[in-house]
Amino acid sequence: MSMTADRVETLRAADHPLFNDQKLKLGLFSFNTSNAMMATSAPTSYELSWTHTKSIAQAADAMGMEVLVPVARWRGFGGDIDFAGESYETYTWAAAIAEATENIVVCSTSHVPTVSPVAAAKQAVTIDHIANGRFGLNVVMGWFRPEMEMFGGEQREHDIRYQFGDEWLSIVKRLWTEDEPFDVKGEYFNLKDVQGKPKPIQKPYPVLINAGSSAAGLDFSAKHVDINFIGMGSFEMGAEAVKAVRSKAAEYGRDISTMTYASIVCRDTEAEAKRDYQRLVDGIDWKSIDYLTKVFGLEGQSYGDAEQVRQLRTQFALGWGGMTFVGTPEQVAEQFLKTSEAGLDGIVVGFLDYLPELGHFNENIMPLLKEAGLRH
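And the structure:
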């Protein structure tokens, strides 16, 4: 089933967290990697350990957030801190986090060239059963050449990666929905007597996410997924991206939701927030970020040409190319409101120091989001 109005209504009727009646869905991003969202040496209590990761997930769940989205990484970006050099693999991470939480949607982020669609479908179903219908699959094509070459293959040209992904996800969907075994003779897969049991708890299959924003990426998202994950460098960029993906989805007769991501530096006073933001900037590992943006600009093709990517260096360093919301609780809440006004249905966030800053968010920002009508 594609993302027609019927699928949207099915998700809403099932009280799916990502399709509930909260005006702006909330979640956490990238806390399965060392450094999380920020390539900085600024001091933090954040660490990549299972106990710490589980505590963060449980705190978000207790706050009533809707979703947890990990980053899939197989190696870091070098430099002095080797940004994202350590990470938890996201299928196994999601399975364990699902068992440790109660209500929040738990995602895996899957590089399609690194896993067979048959294995991916089975892994996803298993996690969906562990989570009792709370699993989401974030499908990504793999833009970081050194990672993809670790798996013994060559990096495909950008648009070809999405053609491969189209065939890959089509097979996964069939495994989730078809009862009879089938053969596949495609451009990239030649599979015999394929079958998948049991089926997902979510019907007909788990919520799907993709961050495509190039022409090929938009087409993939519009055709296949429930939520397009937008890298919002500004509110204006976000509004334009929302219009673009919804227009493309309409060509397929589909509806699609949109979410973005941002890092947050919120303090009791504006002066404190600006001071701590500057500490983050002062600690940026530019060697790591220069390498990341060079590769992303040449091969990612999601932010335009390489010059545009270079101009976003600080945003990449402190939030994977997304915005950083800096200020008092009132100022940060206003930026959440602008996110909603840009047409986004949700946002996943990150911090330098997740656990204490999550508590501050819940006590000081969440009430303001409720006052603004974004939450209830």
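According to UniProt numbering, the sequence shown is numbered sequentially starting from 1.
By construction, the Cβ of each residue, glycine as well, lies at the ideal position given by its N, Cα and C atoms.
Rounded distance between the beta-carbons of residue j and residue i, thought under 8 Å
| i | j | result |
| --- | --- | --- |
| residue 31 | residue 56 | 5 Å |
| residue 11 | residue 60 | The Cβ separation is near 21 Å, so there is no contact. |
| residue 316 | residue 292 | 6 Å |
| residue 128 | residue 200 | 5 Å |
| residue 105 | residue 136 | 5 Å |
| residue 103 | residue 17 | 7 Å |
| residue 110 | residue 139 | 6 Å |
| residue 326 | residue 265 | 5 Å |
| residue 259 | residue 345 | 6 Å |
| residue 206 | residue 124 | 6 Å |
| residue 186 | residue 167 | 5 Å |
Spatially closest choice to residue i from the options, by CA coordinates
| i | options | result |
| --- | --- | --- |
| residue 319 | 355, 277, 203 | 277 |
| residue 108 | 175, 146, 157, 208 | 208 |
| residue 375 | 347, 356, 359, 351 | 347 |
| residue 66 | 38, 21, 165 | 21 |
| residue 189 | 37, 213, 345, 163 | 163 |
| residue 360 | 339, 342, 332 | 332 |
| residue 143 | 73, 93, 267 | 73 |
| residue 283 | 257, 63, 314, 268 | 314 |
| residue 336 | 295, 262, 294 | 262 |
| residue 93 | 79, 41, 71 | 71 |
| residue 36 | 245, 23, 76 | 76 |
| residue 289 | 267, 39, 117, 226 | 39 |
| residue 343 | 228, 180, 116 | 228 |
| residue 212 | 165, 149, 147 | 165 |
| residue 354 | 95, 160, 43 | 43 |
| residue 340 | 329, 369, 362 | 369 |
| residue 287 | 249, 205, 78 | 78 |
| residue 150 | 351, 124, 115 | 115 |
| residue 85 | 58, 95, 99, 47 | 47 |
| residue 204 | 210, 215, 226 | 226 |
| residue 373 | 23, 352, 90, 252 | 23 |
| residue 364 | 328, 214, 352, 122 | 328 |
| residue 81 | 271, 34, 90 | 34 |
Which residues DSSP lists as bridging residue i, in chain order
| i | result |
| --- | --- |
| residue 229 | 259 |
| residue 29 | 69 |
| residue 191 | 184 |
| residue 207 | 136 |
| residue 395 | Since the displayed the chain opens at 1 and closes at 376, residue 395 lies outside it and no answer follows. |
| residue 87 | 33 |
| residue 44 | Per DSSP, none; premise fails for residue 44. |
Cα-Cα separation between residue i and residue j, rounded to whole angstroms
| i | j | result |
| --- | --- | --- |
| residue 1 | residue 45 | Model confidence at residue 1 stands at a pLDDT of 37, short of 50, so the residue's coordinates are unreliable and nothing is read from them. |
| residue 126 | residue 97 | 13 Å |
| residue 198 | residue 112 | 22 Å |
| residue 298 | residue 322 | Reliability of the predicted coordinates at residue 298 is poor, the pLDDT of 46 falling under 50, and no value is obtained from them. |
| residue 244 | residue 218 | 8 Å |
| residue 192 | residue 182 | 7 Å |
| residue 224 | residue 269 | 44 Å |
| residue 176 | residue 222 | 20 Å |
| residue 240 | residue 184 | 38 Å |
| residue 130 | residue 230 | 28 Å |
| residue 234 | residue 195 | 44 Å |
| residue 385 | residue 255 | The first residue shown for the chain is 1 and the last is 376, placing residue 385 beyond what the model contains. |
| residue 294 | residue 147 | 15 Å |
| residue 202 | residue 62 | 22 Å |
| residue 324 | residue 6 | 36 Å |
| residue 41 | residue 155 | 31 Å |
| residue 118 | residue 249 | 27 Å |
| residue 100 | residue 88 | 16 Å |
| residue 19 | residue 8 | 8 Å |
| residue 49 | residue 357 | 18 Å |
| residue 53 | residue 371 | 30 Å |
| residue 214 | residue 220 | 10 Å |
Distance cut-off 7 Å: residue i Cβ against heavy atoms of the ligand ZN
| i | result |
| --- | --- |
| residue 108 | Absence of the ligand ZN from the depicted structure is noted, as is the absence of any ligand whatsoever, leaving it without description. |
Of all the alpha helix (DSSP H) runs that stay within the bounds of the region 263-351, which reach a length of 4 or more residues? 270-282, 286-295, 306-311, 313-319, 329-341
Complete beta strand (DSSP E) runs within the region 98-175 (minimum length 3 residues, chain order): Within the region 98-175, the complete beta strand (DSSP E) segments at least 3 residues long are 105-111, 135-140, listed from N- to C-terminus.
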